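What follows is a single structure, written as structure tokens, with notes after it.
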Amino acid sequence: RKEVEQDPGPFNVPEGATVAFNCTYSNSASQSFFWYRQDCRKEPKLLMSVYSSGNEDGRFTAQLNRASQYISLLIRDSKLSDSATYLCVVNPYTDKLIFGTGTRLQVFP
Amino acid sequence: GAVVSQHPSWVICKSGTSVKIECRSLDFQATTMFWYRQFPKQSLMLMATSNEGSKATYEQGVEKDKFLINHASLTLSTLTVTSAHPEDSSFYICSASWLSSGRTDTQYFGPGTRLTVL
Numbered sequence: 008r009k010e011v012e013q014d015p016g017p018f019n020v021p022e023g024a025t026v027a028f029n030c031t032y033s034n035s036a037s038q039s040f041f042w043y044r045q046d047c048r049k050e051p052k053l054l055m056s057v058y059s060s061g062n063e064d065g066r067f068t069a070q071l072n073r074a075s076q077y078i079s080l081l082i083r084d085s086k087l088s089d090s091a092t093y094l095c096v097v098n099p100y101t102d103k104l105i106f107g108t109g110t111r112l113q114v115f116p
Numbered sequence: 012g013a014v015v016s017q018h019p020s021w022v023i024c025k026s027g028t029s030v031k032i033e034c035r036s037l038d039f040q041a042t043t044m045f046w047y048r049q050f051p052k053q054s055l056m057l058m059a060t061s062n063e064g065s066k067a068t069y070e071q072g073v074e075k076d077k078f079l080i081n082h083a084s085l086t087l088s089t090l091t092v093t094s095a096h097p098e099d100s101s102f103y104i105c106s107a108s109w110l111s112s113g114r115t116d117t118q119y120f121g122p123g124t125r126l127t128v129l
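Order-wise, the sequence lines are chains A and B.
If you count by my numbering, then the first sequence holds residues 8 to 116, one letter each, in order.
If you count by my numbering, then the second sequence holds residues 12 to 129, one letter each, in order.
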């Protein structure tokens, strides 16, 4: 089983739609969790950190379910500029980050 | 704040040559720097972790003699791909972090270096 698993997508949604991504992780001792955004041929950029039961930042909401070992990312009112690959990232127990393969989102007009 | 630069942004070289990639933290002192590699349509894979002034810790399957890492200062780490071959062609990304309240899990990424070996 992969340490971090994501549905690769792509998710094709119209502008204004709400879309949700899920991610599961295998190490129950994992301490911190992140969502990164990666545009094509660019480096990942931190979108949100998820440290406890979840948090919200504008149109983006991240939730953590420790019992089921998954985190989710909800994007409301999708914009064309949200088109990117969203990476689920987990810090298992050291200073290392484990990246999922990413979920590709394409928002169309 | 927390800006990380990489140089060069892209490089094309002949098989058998060596390529050096620099990673700099511009506005903070990085206690730890990480080197990742990303092949097309795949996830970032950690290659090695380096702390300033000490030897890098390589992930399983990464040849330390092929991928030389030097972290001589708190703002600079270099990755040298020695005797590069076409299968080394990839997107190499560094990240940097600093110890804050006992955590180093916030990493700031450089823009990446795209290496093509002919």
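Each residue gets a CB set at the ideal place from its N, CA and C atoms; glycine is no exception.
Being a predicted model, the structure only gives us computed values, none of them experimental.
request  = Using a Cβ-Cβ cut-off of 8 angstroms, state whether residue 122 of chain A counts as contacting chain B.
outcome  = Absent from the structure is residue 122 of chain A, since the part of chain A shown begins at 8 and ends at 116.
inquiry  = Tell me the rounded alpha-carbon separation between residue 54 of chain A and residue 42 of chain A.
reply    = Inter-residue distance for residue 54 of chain A and residue 42 of chain A is about 5 angstroms (C-alpha atoms, whole angstroms).
ask   = Any residues in the segment 42–70 of chain A with a beta carbon nearer than 8 angstroms to a beta carbon of chain B? Which ones, in chain order?
value = From the segment 42–70 of chain A, only 48, 49, 50, 51, 52, 53, 56 have a Cβ closer than 8 angstroms to chain B.
ask   = In this structure, does DSSP put residue 51 of chain A in helix, strand or coil?
value = The three-state reading of DSSP puts residue 51 of chain A in strand, counting E and B together.
task = Work out the CA separation of residue 38 of chain B and residue 86 of chain B for me, nearest whole Å.
result = Looking at the two C-alpha atoms, the distance is approximately 9 angstroms.
key: Identified DSSP bridge partners for residue 21 of chain A   = Answer is A:115, bridged to residue 21 of chain A.
Residue 107 of chain B to residue 118 of chain B span [Cα, whole Å] = It is roughly 5 angstroms from the alpha-carbon of residue 107 of chain B to the alpha-carbon of residue 118 of chain B.
task = Under 6 angstroms Cβ to Cβ from residue 11 of chain A, same chain only, skipping five residues before and after it: list those, please.
result = 32, 95, 97, 105, 107, listed in sequence order.
query = Is the beta carbon of residue 109 of chain A less than 8 angstroms from the beta carbon of residue 21 of chain A?
reply = By the CB criterion at 8 angstroms, residue 109 of chain A and residue 21 of chain A fall outside the cutoff.
Rounded straight-line distance, which links the Cα of residue 42 of chain B to that of residue 52 of chain B = One C-alpha to the other measures close to 30 angstroms.
inquiry  = Please list the terminal residues of the continuous beta strand (DSSP E) segment that includes residue 21 of chain B.
reply    = 21–24 is the span of the beta strand (DSSP E), which, as asked, contains residue 21 of chain B.
ask   = Excluding the five sequence neighbours on either side, which residues of its own chain have a C-beta within less than 8 angstroms of the C-beta of residue 100 of chain B, listed in chain order?
value = Listed in chain order, the non-local C-beta contacts of residue 100 of chain B below 8 angstroms within the same chain comprise 126, 127, 128, local neighbours out to five positions each way being set aside.
request  = Could I get the ranges of all uninterrupted beta strand (DSSP E) runs contained in the segment 25–87 of chain B, with 3 residues as the minimum, in chain order?
outcome  = Under the rule that a run must span 3 or more residues, the beta strand (DSSP E) segments found entirely inside the segment 25–87 of chain B read 30–36, 43–49, 56–62, 78–84.
request  = Out of A:74, A:23, A:77, point me to the one whose CA is closest to residue 89 of chain A's CA.
outcome  = Nearest in C-alpha terms to residue 89 of chain A, of all of A:74, A:23, A:77, is A:23.
request  = Just the chain B side, please: which residues come within less than 7 angstroms of residue 108 of chain A by C-beta, in chain order?
outcome  = Ordered by position in chain B, the residues that pass the 7 angstroms Cβ test against residue 108 of chain A are 53, 54.
Rounded C-alpha distance that separates residue 60 of chain B from residue 79 of chain A = Taking the straight line joining both Cα atoms gives about 28 angstroms.
ask   = residue 80 of chain A versus chain B: which residues are under 8 angstroms apart at the beta carbon?
value = Near residue 80 of chain A there are no residues of chain B at all, since even the closest Cβ is about 16 angstroms away, more than 8 angstroms.
Residue 126 of chain B at chain A interface by Cβ criterion, 8 angstroms = No, no contact with chain A.
Collapsed DSSP secondary structure at residue 103 of chain A in the structure displayed = Reduced to three states, the DSSP call for residue 103 of chain A is coil.
request  = Leaving out five residues on either side along the sequence, give the residues of the same chain with a beta carbon under 7 angstroms from the beta carbon of residue 29 of chain B.
outcome  = These residues qualify, in order along the chain: 91, 92, 93, 94, 95.
inquiry  = Could you pull the DSSP bridge partners for residue 42 of chain A from this structure?
reply    = Answer is A:55, A:95, bridged to residue 42 of chain A.
inquiry  = Can you list, in chain order, the residues of its chain with a C-beta nearer than 7 angstroms to that of residue 120 of chain B? Leave out the 5 residues immediately preceding and following it.
reply    = For residue 120 of chain B, same chain residues with a beta-carbon under 7 angstroms away, outside a window of 5 residues either side, are 15, 104, 106 in chain order.
query = Are residue 99 of chain A and residue 56 of chain A touching if we call contact CB-CB under 8 angstroms?
reply = Their beta carbons are not under 8 angstroms apart, which means residue 99 of chain A does not touch residue 56 of chain A by this criterion.
request  = Go through its chain and collect everything with a Cβ distance to residue 19 of chain A's Cβ below 6 angstroms, but skip five positions before and after it.
outcome  = Correct list, in chain order: 113.
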